[in-house]
């Protein structure tokens, strides 16, 4: 019992002296691929990550999106605002 109490004191003191790393919070949103017209009205700079929704699985194992024709421009726009696109 004394050994376990001593161990707990050591663990507690190590944890108490460990630096606490606090980073920028993640702000993740979903954006439907077919809503290009509304993208101009959204301040994407407030998000750290945007999940492009909703991919359609293909037989080759990739995804297609209903908005494939404008997806590259949306991704470029989001990247220019510092937002990661998943």
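In my numbering, the protein residues as written are 88 to 173. Beta carbons: idealized from backbone N, C-alpha and C, even for Gly. These numbers were taken from a predicted model, which means no experiment stands behind them.
Excluding the 5 residues flanking it on each side, residue 169 has same chain C-beta neighbours closer than 7 Å at 132, in chain order.
Taking a 10 Å sphere around the C-beta of residue 173, we find fewer than 16 other C-beta atoms and assign the residue as exposed. The residue among 125, 162 and 119 with its C-alpha nearest the C-alpha of residue 140 is 119. Under the three-state reduction of DSSP, residue 144 is assigned to strand. Exposed is the label assigned to residue 109, since fewer than 16 other Cβ atoms lie within 10 Å of its Cβ.
In this chain, the beta strand (DSSP E) harbouring residue 119 covers 115-119.
Under the 10 Å beta carbon count, residue 137 is surrounded by 16 or more other beta carbons and is classified as buried.
In terms of Cβ geometry, residue 135 and residue 114 form a close pair [threshold 8 Å].
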